[in-house]
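Enquirer: Chains A and B are the protein sequences, given in the same order. The first sequence: position 303 = 288 (this note's numbering), numbered continuously. The second sequence: position 135 = 208 (this note's numbering), numbered continuously.
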Amino acid sequence: MGGSLKEVGILLGGPQGSGIETSMWILSRVLVSKGYGVIADREYFSNITGRHSYIQMLASSVKPPRSLKYPVEILASMDAETVFTHFTDISEGGILIYDVNTSSRRIDEIPSMEDATRERVARILSDKNVEPSVESVVKYLERDKRILPLGLDFSALLKTLSEQYRIDARALSRFLSGIIVSSVAVVLGLSEEAVVQGFEQQFGERKHLVEQNTALYRLVRDALSNHYGAVRLDEPGFSMEKAMVVTGNDVVAIAKIVAGVRYQSYYPITPAADESFLLERYDNIVDETGEVVGSVVVVQTEDEIAAVNSAIGAALTGARASTTTSGPGFDLMVEGLSWAGMNEVPLVITYYQRGGPSTGQPTRGSQSDLFNAVFAGHGEFARVVLSSSDHLEAFYDTIEAFNIAEKYQVPVIHLLDKFLANTVAVMPVPDLGGVGIERGVLAKGGPGYKRFSLESLISPRAFIGARDTVMWYTGDEHDEHGHIAEDPEIRVKMYSKRIEKLNLIQRELPLERKLRLHGPGSPDYLVVGWGSVKGVVLDAIEYFSEKGLRMAYLDVKLLWPFPSEEFLKITSGLPDSRILAVEHSYGVNIAELVSMSTGRRIVKRVSKYTGRPIMLDELVKGLEEIVSGRRERVVLTYGA
Amino acid sequence: MEPRWSYKSNVWPDWCPGCGNFGILTALLKALEELSLDPSQTVIVSGIGCSGKTPHFVNVNGVHTLHGRAIPFATGIKLANPGLKVIVHGGDGDLLGIGAGHFVALGRRNIDVTVILHDNGVYGLTKGQASPTLPLKARTKSLAKPNIQQPVNPVLLALSSGYTFVARGYAFDGAYLKNLIKMAVQHRGAAFIDVLQPCITFNDVYTADFYRKAVYKLESDPGWDPVVKTSEEASVKLMRAVEKSLEWGDRIPVGVFYVNPHVSTFEERLGERLRKYPVQNPSNTPIESAGKPVLSQEAFEKMFKEFIVRVSGTQGR
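(1) Can you pull the chain B residues whose beta carbon is under 9 Å from the beta carbon of Y248/A, in chain order?
(2) May I have the straight-line CA-CA distance separating R476/A from L559/A, to the nearest angstrom?
(3) Tell me, please, whether the CB atom of R348/B is closer than 8 Å to any CB atom in chain A?
(4) Grab the span of the alpha helix (DSSP H) containing M318/A for me, first residue to last.
(5) Determine the DSSP secondary structure at N83/B, reduced to helix, strand or coil.
(6) Find the residues of chain A that neighbour S369/B, judging by a C-beta separation of less than 9 Å, and give them in chain order.
(7) Using a beta-carbon distance below 8 Å, is A428/A in contact with chain B?
(8) Mind checking V47/A: buried by the 16 CB within 10 Å criterion, or exposed?
(9) What does the alpha-carbon distance come out to for the pair S224/A and F139/A?
(10) Helix, strand or coil: which one does DSSP assign to F704/A?
(11) Once the 5 residues before and after V225/B are set aside, which same chain residues still bring their CB inside 7 Å of it?
(12) Quick one: Cα of P546/A to Cα of I484/A, how far?
(13) Identify, in the order they occur along the chain, each residue of the same chain with its Cβ nearer than 7 Å to the Cβ of I164/A, setting aside the five sequence neighbours on each side.
(14) L43/A by DSSP, collapsed to three states: which one?
(15) State yes or no: is the C-beta of I92/A within less than 8 Å of the C-beta of I59/A?
(16) Between M327/A and M63/A, what straight-line distance do the alpha-carbon atoms span, to the nearest angstrom?
(17) Would you say V180/A reaches chain B, if we count a Cβ-Cβ gap shorter than 8 Å as a contact?
(18) Which class does F262/A belong to by DSSP, given the choice of helix, strand or coil?
(19) Using the C-alpha atoms, what's the distance from L263/A back to V57/A?
(20) What are the residues in the region 450 to 474 of chain A lying within 8 Å of chain B by C-beta distance?
(21) Taking all protein chains shown into account, decide if W10/A is buried (16 or more other Cβ within 10 angstroms of its Cβ) or exposed.
(22) Name the chain B residues whose beta carbon is nearer than 8 Å to that of A406/A?
(23) Taking beta-carbon pairs under 7 Å, can you tell me which members of the region 15 to 33 of chain A lie near chain B?
(24) Report buried or exposed for K519/A, applying the criterion of at least 16 other Cβ atoms within 10 angstroms of its Cβ.
(25) I254/B to L291/B, Cα distance in whole Å?
(26) Which residues does DSSP pair with L269/B in a beta bridge?
(27) Look at the alpha carbon of K378/B and the alpha carbon of Y538/A, and state the distance between them as a whole number of angstroms.
(28) Could you check the C-alpha separation between L161/A and V619/A for me, to the nearest Å?
(29) Under the three-state reduction of DSSP, which class applies to P396/A: helix, strand or coil?
(30) Could you check whether N294/A and G312/A sit closer than 8 Å to each other, using their CB atoms as the reference points?
(31) Taking the alpha carbon of E365/A as the reference point, which residue from L405/A, Q352/A, S323/A has its own alpha carbon closest?
(32) Closest Cβ-Cβ distance between H162/B and chain A: below 8 Å?
(33) Would you say A566/A and G514/A are within 8 Å of each other, going by their C-beta atoms?
(34) Can you give me the Cβ contacts of F130/B inside the same chain, cut-off strictly under 8 Å, excluding the 5 residues immediately before and after it?
(35) With the cut-off set at 8 Å, would you say T255/A and E289/A are in Cβ contact?
(36) Unbroken alpha helix (DSSP H) runs of length 4 or more, entirely within the region 196 to 242 of chain A: which are they?
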């Protein structure tokens, strides 16, 4: 591969449970320690061991990357299935790392492959007149695509390692990740020192694993000595002294600790559960001297119903409380959500969308629950729905979710998705100096305290347990004390009070919490979207601006109450025909939400609902189709 | 001695005249009085239905929740502020129908919460449908056809779920029920009282007359001792309680079936994990100082060092 590159795409593939994720973590940290930006998306089946899993990464020398692209420069495969599934994903002149022991494998000998996938790949191969074996695919890539195949003898490498360290044969598969990390590092010309640091951070106290993986790195480097640095990344062009490498789940959990969460409940569900695992790992919160300054009670409940309702119970006592789930679990929480709305409870629900309906695609991404978050629940009540577009935003938004919940005494749904939850990204270390904790209007209570006082829109909140204070809550309509009341006058006052908070929230939240406009002012086209499509849309906009087309992106962060006035103001100079919407759903629901909230009709829509992330290349093509006037609606499908 | 507080609220109980709920309410008020519980440190959590209204009639903190969900609410309240006394009131449909999973979960966890079951065999507030404790083929006057489902045995379910205090009372024996409630509230761990409660409007099978004839006290057997003295004794006492729980019909036992003080509570187990938990409640641990997080930048970076990568750049590559 001639010259050096601004950015390199890497795809790592292998069976689920074989260490692909470990490889991703080590490589990400090594690259970041060298000053590169990294983003890595993890794609996997709903399965523990054996199904095809892959990581798509992008390393950049110029900026922290925010989207993925195809094809990639390097494909590192642990098994034959990866070669078959991804051989079309390697760019011309790229590199294929594979295990020579799989050479003779044929596509019909791979039981873990889904029939539909096998047939699709076989059809592609047959169209190209390529035999469906690894060997033939490798030859085809080398001959027709100028791809450099680097065959490694995985078993020989592991055998040498096992002889050197007397490792039990059954434990050897644990070192597959070491081969993948080492081979990619060698091809990228990353130093042994950096790679060893990566092993050290990954394996921590298990020094023998660091030593053995280092030995493996040397074996791989010797085997690939002619190709050391075959793919050259430019010298890093941006500088951070230190950075965080985190998943979206991690960053939300970390932010919850900063926010002061003291109670978190959950019922296991993908892709939300990892957040609670991290919280539980850090349930003793310590200051710089190691002194415990607080603790988080993390409870795995019997179901999502118990999760939401126990979090509400905790919130009534004054603890910052949250629960976390994805679509199917949220559905079960909705009755509790209405109760929280009725009782003005500050509750935070962290909602990671995945592919539905029903269990749908349990491990894949989607943004198709927008309406579920905004409208779920019987009756009318105030709720706030926030979305985050990247890891760093998710950090600050998580804290803001608690502040809003307590300040306005409303349930807040923090709407995220699987792409963010599972994507590893580099981000700056957050600056806590800019973080505020707002608990809203609190009351000491005392005899005669009225929890639902009608004297102000926000009734001063005392906690259950406050001295000499007694209060009542009920899901029924109630009077100022919280006792059941069916009198029509009280009904009107209480009902209106609860809903009219939305106006206050609209008035008080700053613009940057609601909408963020990226790109040129007075653009030729405006793309509207929310959540994790931001990164790829921003990269597409940059591409178009280089071509002389001025495109801007309007990121909707506050989904409810919808910032109608601000939206209308920002879009006032643009005709409907110059506005597009992008979303991971069939309907591109944000366009409907805009329409009902503002009366503006966005017809042009780009949609993707395969469960895989939107790649820069396909989005650019899709937007071109729409801008050129050829199509009004484009459905993207790229990805294995 | 004059009670320090009036435990009766000024809300009018709108139950049917003669309802068993009145007996339970009176026993509860008397128990609170005799225990002299601080109303601000006591919480009654209820579900939906006639029994769900109980908190409004009592002058302690009251949380009237969703159908079947009183136990999860109580769980969050108690774990966030373990200093509170938490008492759950629910009907048989509420706790053993829609809320059965939560009922079992509380026993497994042995959280220090008292559960009082208003057990009348029917769904009162929706006009008399068969509840989970109504026997197969029983036909109350509100049912179009005899009950087609088998009943749940609340005492047996509580015993097998891990409740460490299990008792049964009768709504119209107020003095006796009051004592059971006092014992349950004072017990450290998950406590359960099945309260036999005539529904005078919809259940003409389990009437006051029926119970008056059938009910007898466990301690009338001079050998009866439900308290587990050493943890080795637990299984023997549990088996005896199970055996007693199966008695139903002409003779129905009330009283304490089983008490095991040797099982750690969920709060104690949390206290072993969370160094601050036994002395500082999640509900009152400071989370901010002057509007800033309690965690300093330095503490943050130290705490989350596993996620922080030092960037050395490509020098010496």
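Glycine residues also receive a C-beta, built at the ideal position from the N, C-alpha and C atoms.
Expert: On the basis of the coordinates in this document:
(1) If you number the first sequence from 1, residue 248/A lands on position 263. Under the 9 Å cutoff, chain B gives G149, L152, A153, P355, S356.
(2) Counting from 1 along the first sequence, the entry for residue 476/A is found at position 491. Counting from 1 along the first sequence, the entry for residue 559/A is found at position 574. Each residue's alpha carbon lies about 43 Å from the other.
(3) One-based indexing of the second sequence puts residue 348/B at position 275. Judged by the 8 Å Cβ criterion, R348/B is in contact with chain A.
(4) The sequence position of residue 318/A within the first sequence is 333, counting from 1. Taken as a continuous stretch (DSSP letters only), the alpha helix (DSSP H) holding M318/A covers 312 to 327.
(5) For this step, residue 83/B is matched to residue 10 along the second sequence. N83/B falls in the coil class under three-state DSSP.
(6) On the second sequence, position 296 is the one that residue 369/B refers to. Against S369/B, the close residues of chain A are D272, E273, L417, in the order they occur along the chain (beta-carbon pairs closer than 9 Å).
(7) Along the first sequence, one-based indexing puts residue 428/A at 443. No - not a single Cβ of chain B is within 8 Å of the one on A428/A.
(8) As a working mapping, residue 47/A is identified with position 62 in the first sequence. Looking at its Cβ environment, which holds fewer than 16 other Cβ atoms inside 10 Å, V47/A is exposed.
(9) Walking along the first sequence from the start, residue 224/A turns up at place 239. Walking along the first sequence from the start, residue 139/A turns up at place 154. Going by the C-alpha atoms only, they are around 37 Å apart.
(10) Missing from the structure shown is residue 704/A; chain A here goes from -14 to 625 and no further.
(11) Position 152 of the second sequence holds residue 225/B. For V225/B, same chain residues with a beta-carbon under 7 Å away, outside a window of 5 residues either side, are L169, P205, T206 in chain order.
(12) Taking the first sequence and counting its residues from 1, one reaches residue 546/A at position 561. Taking the first sequence and counting its residues from 1, one reaches residue 484/A at position 499. Looking at the two C-alpha atoms, the distance is approximately 11 Å.
(13) Counting from one through the first sequence, the residue named residue 164/A turns up at place 179. These residues qualify, in order along the chain: L137, F139, L142, L201, V205.
(14) Residue numbering aside, residue 43/A sits at position 58 when the first sequence is read from its first letter. Three-state result, L43/A: strand.
(15) For the purposes of this step, residue 92/A is identified with residue 107 of the first sequence, where counting begins at 1. For the purposes of this step, residue 59/A is identified with residue 74 of the first sequence, where counting begins at 1. No. Outside cutoff.
(16) What you label residue 327/A is simply residue 342 of the first sequence in a count that begins at 1. What you label residue 63/A is simply residue 78 of the first sequence in a count that begins at 1. Those two C-alpha atoms are separated by around 54 Å.
(17) Counted from its first residue, the first sequence places residue 180/A at position 195. Not closer than 8 Å to any Cβ of chain B, the Cβ of V180/A fails to qualify, so no.
(18) One-based indexing of the first sequence puts residue 262/A at position 277. In this structure, F262/A counts as helix in the three-state DSSP scheme.
(19) On the first sequence, position 72 is the one that residue 57/A refers to. On the first sequence, position 278 is the one that residue 263/A refers to. Pairing V57/A with L263/A, the inter-Cα distance amounts to about 32 Å.
(20) G450, A451, R452, D453, T454, V455, M456, W457, Y458, T459, G460, D461, G467, H468, I469
(21) Numbered from 1 along the first sequence, position 25 holds the residue referred to as residue 10/A. So W10/A counts as buried.
(22) On the first sequence, position 421 is the one that residue 406/A refers to. Those do not exist, as A406/A stays about 15 Å from chain B at its closest Cβ, beyond 8 Å.
(23) V17, S18, K19, G20
(24) Against the first sequence, residue 519/A aligns to sequence position 534. The residue is buried, with at least 16 neighbouring Cβ atoms inside 10 Å.
(25) On the second sequence, residue 254/B is found 181 positions in, with the first residue counted as 1. On the second sequence, residue 291/B is found 218 positions in, with the first residue counted as 1. About 16 Å.
(26) Taking the second sequence and counting its residues from 1, the one referred to as residue 269/B is at position 196. In DSSP, L269/B forms a bridge with D192/B, Y243/B.
(27) Stepping through the second sequence from its first residue, residue 378/B is reached at position 305. Stepping through the first sequence from its first residue, residue 538/A is reached at position 553. Taking the straight line joining both Cα atoms gives about 35 Å.
(28) Your numbering for residue 161/A matches position 176 in the first sequence. Your numbering for residue 619/A matches position 634 in the first sequence. Distance between the alpha carbons of L161/A and V619/A: 40 Å.
(29) Against the first sequence, residue 396/A aligns to sequence position 411. If DSSP states are grouped into helix, strand and coil, P396/A belongs with the strands.
(30) As a first step, residue 312/A is located in the first sequence; it is residue number 327 there, counting from the start. As a first step, residue 294/A is located in the first sequence; it is residue number 309 there, counting from the start. No. Outside cutoff.
(31) Locating residue 365/A in the first sequence gives position 380, counting from the first residue. Ranking L405/A, Q352/A, S323/A by Cα distance to E365/A puts S323/A first.
(32) Position 89 of the second sequence, counted from the first residue, corresponds to residue 162/B. Judged by the 8 Å Cβ criterion, H162/B is not in contact with chain A.
(33) What you label residue 566/A is simply residue 581 of the first sequence in a count that begins at 1. What you label residue 514/A is simply residue 529 of the first sequence in a count that begins at 1. Their beta carbons are under 8 Å apart, which means A566/A touches G514/A by this criterion.
(34) Taking the first residue of the second sequence as position 1, residue 130/B is located at position 57. Here the set comprises K81, S82, V84, P86, L98.
(35) Here residue 255/A refers to the residue found at position 270 of the first sequence. Here residue 289/A refers to the residue found at position 304 of the first sequence. Cβ distance not < 8 Å, so T255/A and E289/A don't count as in contact.
(36) none
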